[in-house]
Structures are given as C-alpha cells and as structure tokens.
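A short worksheet on the structure shown next.
There are 2 protein chains.
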Amino acid sequence: MGAPQDSLTYLLLKAAKRSLAALEAELADLDLTARQYLLLTLAATGKELSQQDLAAKLDLDPTIIVKIVDQLEDRGLLERTRATDDRRRHQLILTPAGKQLLRDARAREQSVERTFPASASLRDLLRNALGY
Amino acid sequence: MGAPQDSLTYLLLKAAKRSLAALEAELADLDLTARQYLLLTLAATGKELSQQDLAAKLDLDPTIIVKIVDQLEDRGLLERTRATDDRRRHQLILTPAGKQLLRDARAREQSVERTFPASASLRDLLRNALGY
DNA sequence: TATTGTTATACTCTATAACTATA
DNA sequence: TATAGTTATAGAGTATAACAATA
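Going down the list, the sequences are from chains A and B. The numbering used here applies: residue 955 is where the first sequence begins, and numbers increase by one. The numbering used here applies: residue 955 is where the second sequence begins, and numbers increase by one.
This is the structure in structure tokens:
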C-alpha cells in the first residue's frame, strides 16, 4: 500500500494522458487535434447543443469553444447557423468535408484503441462509472 | 456508434478530471494539491528517485518538480539531501510532519475513491493496462 | 433581466535556455 | 562531455470581464 499506482486518480491521469497522446499522434496526419475531433463528434450527434453545452461536455471554457469552432469553420469542416427556436444559439452543422474527415478520424481512433489493453471492458466500466 | 462516450480517450479524460476534482476537494482541507500529494507519495516510497524520475512518473517538466518540492520543503514536509552515491542528485526525505500529513491525505483519498463506482475493478484494469 | 456568443485583455501555467555543480 | 538541479524568461494556454444580440 501507498505506492502511487494504488491511487485511482494517478492511474486515470496516466491512462488518460497515454490515450490522448496516442490519439493525437494518430490524428496528426489529418491535421486534427483531439479536441477538434471530439468537438466534431459532439456536433455530429445531431442534438441541438449550444456552444455552452459543448463547453460543459468537453470540460472547457466557452471561450475556448469559440476558438475551436473558428478553426473548424475556417477549414470548411462545419458551419455556424442560427438555431430557429432560439436565435441566440448557434447550431453547428458539419459540411460534407467535415463528415468525411470525421469518418476517417473515427476509423483511426478505433484502430488506436485496439492497441490499448482491455479497452472494451475498460470502456464499459468507465461508461457505467460516469453514468452514460 | 459515434457518440463521444464511445471514445475511450473521452471517457478517460472525463473520469480523470472527475477523480482529480474530487481528490483536490478532499485534500483542500490539508492545503495540499493533488500534485503535491502524489509527489509526496512517490518520495515516500523510499526508492532513490531523482527529481527527473519524479518528472517522468508524474508527466511533468523537471522545472515544475523543482517548484513543487520548494513548496513542500518550505512547509517543512520534506527535505532535500544530497544523494551519497551521486552528489548531483537530491534525495527527498519526508519529515515527521510530512509523513503524518501523507497518512491523513491517504485516508482521505481512500474515502473519496470509495465513492467512485467500481473503483476496485477499475484500478485493477488500469494497472494492467499501464503495466504496473 | 438573463443568456448566448464574441472579443480583448490579463493571468496562470508550462517549457526553453542558460547556468552551477557534480560526474 | 554529459547529467542533475536551478533560475529567469519567453511562450502557450486559459480565464475574466465587458459587449452586442436575443430571449
């Protein structure tokens, strides 16, 4: 007892960093950061998420979301449109190029995840723990 | 398929952040950050770890380690002594106050981890995945 | 009045480079 | 010549506050 590898927080931090680094490396070919990829994924769900919702889901400040969306919009991967029911909100719509890139990115993520030991049971456990 | 909660990286990041936040909150009473706590834990193992070793284990820059050790030393929780076999290296020794605080901190971490769903099996899985 | 998104700015955190001492 | 630790500084990343538009 007492070693840092007994600490769940330590283990989660290490695993998250390793997983993130592997994903970033895999997405580098596509000129996509993990954040951009995850934001694209959220925008692609079709749910009417405000940028503030995205901020909460990605644990980021709303002002950071603005910048990431700027980057993706500048590259023509998504577009901001006004939500019809509440014109303060922006509805993020993936362009065809964005959808294609997201497909490629997903395939890459899946291949990198297969290299992570026990990824399937780990995912199940985390989903339960986080309430998804 | 395709939702962010399918992404192992996303799940690990969320879980790590949640776990870290809970730990920080629990350690706040002791005026200890999670980093300081984890460094103390590593220093307490008795292994002759250089500050560079600590940097690698904590995924931090060596210059960050200097500052954290400064903070802990200023509070009288540990002391830098020169390693006898290689006088370039610093051997970090916990003071009695440091040992006592570490005991308290560990107890707090254990209690907060018990609130994390399936923490035991999660820890086992992560240990295996990370090769500990 | 409150909320969404945005911008500009200040702040914090981290990494880089240069130095001392030991090897 | 290389490595451990330190310091000062530059750079990146983040949050804060103020604003316009909409509710």
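Glycine is no exception: its CB is placed at the ideal position from the N, C-alpha and C atoms. No experiment lies behind these values; they were computed from the predicted model shown.
Burial of S961/B is indicated by the presence of at least 16 other C-beta atoms within 10 angstroms of its C-beta. Against chain A, a Cβ distance below 8 Å from A1010/B picks out nothing, because the smallest value is about 11 Å. For the pair R1034/B and L986/B, the Cα-to-Cα distance works out to about 19 Å. DSSP links Q1005/B through a beta bridge to no other residue. Here L1026/B is actually not in contact with A969/A; their C-beta atoms are around 26 Å apart, not less than 8 Å. The region 983-1002 of chain B makes contact with the region 1046-1055 of chain B, as at least three CB pairs between them are under 8 Å. Between L1046/B and V1020/B, the C-beta spacing is not below 9 Å. Relative to the Cα of E1063/B, the nearest Cα in the group E980/B, D1039/B, G1030/B belongs to E980/B. Close to chain B, meaning a Cβ-Cβ distance shorter than 8 Å, are the following residues of the region 1066-1082 of chain A: E1067, F1070, P1071, A1072, S1073, S1075, L1076, R1077, L1079, L1080, R1081, N1082.
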